[in-house]
Structures are given as structure tokens and as C-alpha cells.
Amino acid sequence: MKATANAGSNIAFVKYWGVREDREGRRQALNPSVSMTLQKARTTTTVEFDASLRADECRINGRPASPEARERVVRVLDRVRELASIRAFARVASVNHLPTSAGVASSASGFCALALAAARAAGLSCEPEDLVPLAILGSGSACRSLYGGFVLWRPAGKGPGGSMVEQPPVAQGDHGLDETLVYPGPSTLEQPPVAQGDHGPHETGGDPGPSTLEQPGAAQGDHGLDETLVYPGPGVLEPRPAAPGGSKARATGDGPNQAGGVPGPPGFRRSRTACGGPNLACGVSGPPGFGAGSGESTVEQLATREDWRLVDLVAIVSREEKAVSSARGHLLAHTSPLLPGRLTSLASRIPQVVQAIRDRDLALLGEAMEADALSMHAVMMTSEPPLIYWEPATIAVIRKVMEIRAGGGPACYFTIDAGPNVHVITAPREAGAVRDRLGDVPGVREILSLETGPGAFLTDEHLF
Ligand code: DP6
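Here the sequence shown is numbered in our numbering, starting from 696 and rising by one per residue.
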């Protein structure tokens, strides 16, 4: 069967940087991350398993995939074949609707679309939680793109008190990834009450594009923005009712069951069961530390794009393919002496970002987001060998963003992925003014304007 999926890229507010190997030899992210899925920066991928093929065929943007990309695609296809008990090779075509390596990660949208299309083509479940491990096999950040709006990914493992300490990324454990460094300690981490409410449904409305999928019924539960998700410790965040407009957003939704249209609430994991208990270190439920507390990652939608719309203005300062891919960069993180400090700071940063999303508080979000980007780049720059992704214009854009705010201009905040281009996050009503100001910065070649987008969905617009 042939299936086609469309998925958006995402911009991380709290970055995933660094991997470790788990006991099964699988790469696992070192830390949870929080992102916003993007509209427009999307990938369409068609997959067809065909018994007459003698090998997997893979084309990206009309050309045969590079050996590195092909290897990652085949890794996903192999897993799909294993799960579906099929042997046929597949024909894969993928088109990015933004230039590859333009500073907006096409690997996230690409591998998310691949996971959904391949699962559908093989007759597997298209529930997002079932697609998470498949997407991660291709690219870690791809699992966040399964969902629209604002998304939290908690990697597998029990965190500093568990697998991360037992199996630190630095095999010898000499970089201090132990409880003292990465965990605020029991005194600051008291048990929060476990929320009783439903973690809720998923996006159900909006117009993510043509789809063969039936519109799922509007879900009845809560957004998942409950106290288990956001509670970072006693006295910090009191349980509170869902944000205004929340139920409306659920009812009107954000696109048909974006990750496959399979009946049933597709968007949210019930993190209580998935994560196994309160976890204050990250402000989310689960055992203490950074992991999901299970053998698998969990991904949760924190808010839909109906709940909060932001704009990501991407100031393109270079279109060069980056010299060191994220995949390779992740392997260097443990060589930085600053990594333990970064991981420690996430214990308070993640709850802050989750709260900011829940409260639609751009200033709170922006402060944490900028600190996180700088912390990730500090780790990159102090790795061995150092990874310096910035160009002079990168710093010029950072300074411009700070200048705009200092001068009482529109609220806008920067973040930077593994590249030189700067993502400036602002409210839709301010986007025009911010864009004009960024356009004045020497070295800025182009500015893309990307809004909060829906999650992945199936479509019948096949590429072949
Ligand atoms: C800096 O998901 O691209 O964009 O899992 O090796 O494919 P792989 O890495 P990838 O890493 C993303 C790195 C980042 C931060 C982020 O998006 O969280």
C-alpha cells in the first residue's frame, strides 16, 4: 500500500543536545526538550512497499538521498518491516517545502513524515505514541513533530538517579553526570500531588491540508496542562484551572488526527502512567530526573496552536550546509566540561518553559529560551573538538533582538539551533515590526516567517 504524510519542522525552546547509549545500544537523548511545531516548514513523504523492488529506493527533493540520509531512512524502514512482518523493500520520495539546511531542521519534519507514511503503508498503528520510537530512529527531534502546537519530549531512562548515572554518556562517568550535579536534590524536590484530571485530547480541528483522514471526534478531556505536568516543586506552581480558551481549542481543534487519523485521542500520552509518578526535576510526572522513567521516550502535547500562536522569524545568515551535523555533534556533548552545568540548569528551566506555555507568557518563555540556546552553544563551543556554528551576523542578530527589547520595542526572543541562523520568536501582531528591524542587520540574507503549526497528518497527495 502507498501512503503519504505531511509533517512540520519544529523549533526547540529547550534544546535536545547530547546522547548516551542505553543498555540495548540505542542512542538516547540526554535531556528532555520542549518545542513548537512549525507551519510551512514542512516535508511531504510518500512510501510504498513493493515486493518487486530489489532494494529500498529513496529520493529527497528529486535526487537520490545521500548515503548518510539513506542509511537513516533504511533504519526506519527496517524497523517498520520488523514490526509489520513484511520483507518487501520500499520506494520513498520526500520533498521539503523549505530549502534543506536553510537553518530549519528538515530532518525533524522529514523523519516524522517518514515514520507516519511508512507505518501507514505497512498497515501499522498510526497513533502518535506508537510512532515516537520510529521517528526517533531517524532523528530525535522528529518525534516532537508528530504533534502540533507545543510539545514536550522526555527521553527514555530514569534520569540522573537511574540509567543516566548508571550509563553516563562519558563511559567513565568522569564528567560528573551524577545526582549531585544534575539533580537539585531531595530537599528541593518534594512529591507533588498527582493530578486527577484527564491529560486530554489532541488537536482535532484546523486545516493542516488535504487529508484522507476522517475528522476524529472532539476529545473531552483536559489539555494535559495539569499539575503533574507543570509542577516543579512545592510553592512554585499551584495547581490551576486550564487556561481560558482551552476547551474551545479542544473542540475546534487543530487538525484532523494529525498523526494518522486513527480513531481515538491521538495527541496526548497519559503521562502519569507513561512516566510512573511525580518528577519535580523536570516539572513533569515521572521518577526524579530527566528521563521518562520507562524504556521508551514519551512525547506530550503541552498546548495546541489554537491555544497560543507565535511566530518564528528565521533570520537566515547562511545557507551553507553545516559542517558538523547534529547527529555527530550530539556525540561530542559529553566532552564539554559545561555539560553537567547545563543539565543541572534544566531542572528549573523545563518547568519554567512548561509554565510559560501554559500561561502564554512570552517574557517567561523568552528568558528561558535564550538562556537555553546560549547554554547549548556554550557546550558546543567547549566540546572537543569545539563546535562553533555562529557567524558574525549571528551575534549581530542576537544584539539586535536585545536592542529591540531594551528600547521598549516589541517583545521578541532568540534561539539558535545547530547552525548560524537565528530564530526570533514573537507574537503574530508584532511580527511585522520585528521583521523590519531584523532586516536592517548586516549579513541577514532573508527572513522566513513561520507560525505555530499542526502535527503530522496523512494526505492522499502522493508524490508518485
Ligand atoms: C540543536 O534531532 O537533528 O536542533 O537525533 O541526531 O537526528 P539526531 O539530532 P537532531 O538534533 C536536534 C538538535 C537541535 C536541538 C533540538 O531541536 O532540540
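Don't be surprised by glycine CBs; every beta carbon is placed ideally from N, CA and C.
Query                                                                                                                                                                                  : Result
What residue ranges within the stretch 755 to 810 form continuous beta strand (DSSP E) runs of no fewer than 3 residues, ordered along the chain?                                      : 784 to 791
Quick check on DSSP: helix, strand or coil for valine 709?                                                                                                                             : strand
Regarding histidine 1157 and ligand 1, is the C-beta to nearest heavy atom distance less than 6 Å?                                                                                     : no
Among the residues of its own chain, which have a CB less than 8 Å from the CB of isoleucine 1099, if the five just before and after it don't count?                                   : Pro1105, Cys1107, Val1129 and Arg1132
Please report the distance separating the alpha-carbon of valine 1139 from that of alanine 783.                                                                                        : 47 Å
Let me make sure I understand the geometry here. Which of Leu748, Arg1023, Leu847 and Ala779 has the alpha-carbon closest to that of threonine 993?                                    : Leu847
Can you tell me the Cα-Cα spacing of glycine 833 and glycine 1103, whole angstroms?                                                                                                    : 43 Å
How about aspartate 1135: is its Cβ closer than 6 Å to a heavy atom in ligand 1?                                                                                                       : no
When we look at the beta-carbon of arginine 715 and count the other beta-carbons within 10 Å, is it buried (16 or more) or exposed?                                                    : buried
Do lysine 710 and ligand 1 come close, with the Cβ less than 6 Å from some heavy atom?                                                                                                 : yes
Rounded to a whole number of angstroms, what is the C-alpha to C-alpha distance between valine 771 and aspartate 1056?                                                                 : 37 Å
Taking all protein chains shown into account, do 16 or more other C-beta atoms lie within 10 angstroms of the C-beta of leucine 748, making it buried, or fewer, making it exposed?    : exposed
Please classify alanine 724: does DSSP put it in a helix, a strand, or coil?                                                                                                           : strand
In this structure, what does DSSP give as the bridge partners for threonine 1154?                                                                                                      : Thr699
Going by other Cβ atoms of all chains shown within 10 Å of its Cβ, with 16 needed for buried, is proline 850 buried or exposed?                                                        : buried
Taking all protein chains shown into account, do 16 or more other C-beta atoms lie within 10 angstroms of the C-beta of aspartate 1155, making it buried, or fewer, making it exposed? : exposed
On the three-state DSSP scale, how would you describe glutamate 1098?                                                                                                                  : helix
Just reading off the beta strand (DSSP E) that leucine 1145 is part of, what are its end residues?                                                                                     : 1141 to 1146
If distances are taken between C-alpha atoms only, which option among Val1136, Glu1062 and Cys807 comes closest to threonine 1110?                                                     : Glu1062
At what residue ranges does the stretch 975 to 1060 contain a whole run of the beta strand (DSSP E), taking only runs of 3 or more?                                                    : 993 to 998 and 1006 to 1011
Kindly examine ligand 1 and report whether one of its heavy atoms sits closer than 6 Å to the Cβ of alanine 707.                                                                       : yes
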